[in-house]
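Residue numbers (the working numbering): 49 to 368.
Glycine included, C-beta positions come from ideal geometry on N, C-alpha and C.
Predicted model only: the values in this text are computed from it and were never measured.
Taking it in order: structure first as structure tokens, then the write-up.
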């Protein structure tokens, strides 16, 4: 299976020199993919990367980052307790923790449940609490969920993800129009997430116990990371999901040991090496993501050996 997947990403004459392109025939109209260097934002592999399509629970990358940004900006932190709103269960989706209206969890544990386990009710609870606080600080009335989603879309626009439009904080496809994005846009959001050291705590653990405060009791519940590639080939995040309309999706990040280059004056230059891989709409997202990561490192190595040339600015994600 691994060999078959790799064969789908054979280097071809690229539209932009220096990018390994995946033709629609190779991708069999299945998946949108991209591989980007985190530090230079050079696109090394791409296939249908600007195709706008449902992305399911990859929306939670934005959810987690909006919540983290709010915790810093508000100086509230992540230890404050947030309740599960009464309407959360009516929205259905994944209730991994068995949450009930009135349960309380810390913002920290809600982010763990959202990012690691993909719990939709945890994402709703985050959005309700943060959105409500945001409205209060703005002195406005409104729906806290709508306000939170507005913040998600503002984050996307700020990071250049202009083809992205989220509809809810969880990605569950319970609306007529699902959240839409592209592989390139999800890469932009993932790059923002991995640039924040705090997010790594929520994406690079295999399992984590969270505490639910219910009726005067404290319940300890394990959350398992849905990212099956975690720990493989340096992969330390970020999000995996599967929904009926989006199919299998994964946004992974992997780092290799830094390179140290001695300079003539005795100083040293340190180069870090990290790739972000995004797969949307795959029947085998983990196998495809791992194959793309391998191919991405090969393309990256050739680029480094050639002296990091940028023949066309469209090779950079910001212009892709």
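Review point. Do you know offhand how far residue 74's Cα is from residue 190's?
Key: Because residue 74 carries a pLDDT of 46, less than 50, the predicted location of this residue cannot be relied on, and the following value inherits that uncertainty. Taking the straight line from one Cα to the other gives about 47 angstroms.
Exercise for review: Can you say whether residue 173 is buried or exposed, counting buried as having 16 or more other CB atoms within 10 angstroms of its CB?
Suggested key: That one is buried.
Review point. Where do the ends of the beta strand (DSSP E) carrying residue 302 lie?
Key: Counting along the chain, the beta strand (DSSP E) containing residue 302 begins and ends at 295-310.
Review point. Who are the near neighbours of residue 398 in its chain, counting only those whose CB is closer than 7 angstroms to its CB and skipping five residues on each side?
Key: Within the shown structure, residues of the chain are numbered from 49 to 368, placing residue 398 beyond reach of any answer.
**Study point:** Exposure label - residue 349; buried when at least 16 CB within 10 Å
**Key:** Under this definition residue 349 is an exposed residue.
Exercise for review: Drop a sphere of 10 angstroms on the beta-carbon of residue 72, count the other beta-carbons inside from all chains shown, and report buried for 16 or more, exposed for fewer.
Suggested key: Reliability of the predicted coordinates at residue 72 is poor, the pLDDT of 39 falling under 50, and the value obtained from them is presented with this limitation in mind. It counts as exposed.
Exercise for review: Kindly indicate which residue of 327, 304 and 305 has the alpha-carbon position closest to the one of residue 288.
Suggested key: Looking at the Cα atoms, 327 is the closest of the given residues.
Review point. Per DSSP, residue 272 forms a beta bridge with which residues?
Key: Per DSSP, 255.
Point to revise | Endpoints, beta strand (DSSP E) assigned at residue 206 | key: Where residue 206 is concerned, there is no enclosing beta strand (DSSP E), although the alpha helix (DSSP H) it sits in stretches over 192-206.
Review point. In angstroms, rounded to a whole number, what distance separates the CA positions of residue 216 and residue 104?
Key: Residue 216 and residue 104 have their alpha carbons spaced roughly 10 angstroms apart.
Check your understanding: Looking at the structure shown, is residue 182 part of a helix, part of a strand, or coil, going by DSSP?
Key -> Note: residue 182 maps to helix in three-state DSSP.
Review point. When the Cα atoms are used, what is the spatial distance from residue 365 to residue 208?
Key: Spanning the two alpha carbons is a distance of roughly 9 angstroms.
Check your understanding: Does the Cβ-Cβ distance between residue 301 and residue 242 come in under 7 angstroms?
Key -> One thing to note: residue 301 has its Cβ within 7 angstroms of the Cβ of residue 242.
Review point. Exposed or buried, which one is residue 144 when buried takes at least 16 other CB atoms within 10 Å?
Key: So residue 144 ends up on the buried side.
Point to revise | Inter-residue Cα distance where the pair is residue 202 and residue 280 | key: Taking the CA atoms as reference points, residue 202 sits about 33 angstroms from residue 280.
Review point. CB-CB under 8 angstroms to residue 284, same chain, minus the five flanking residues each way: which ones, in chain order?
Key: Within the same chain, residue 284 has close Cβ partners 248, 251, 252, 278, 301, 302 and 303.
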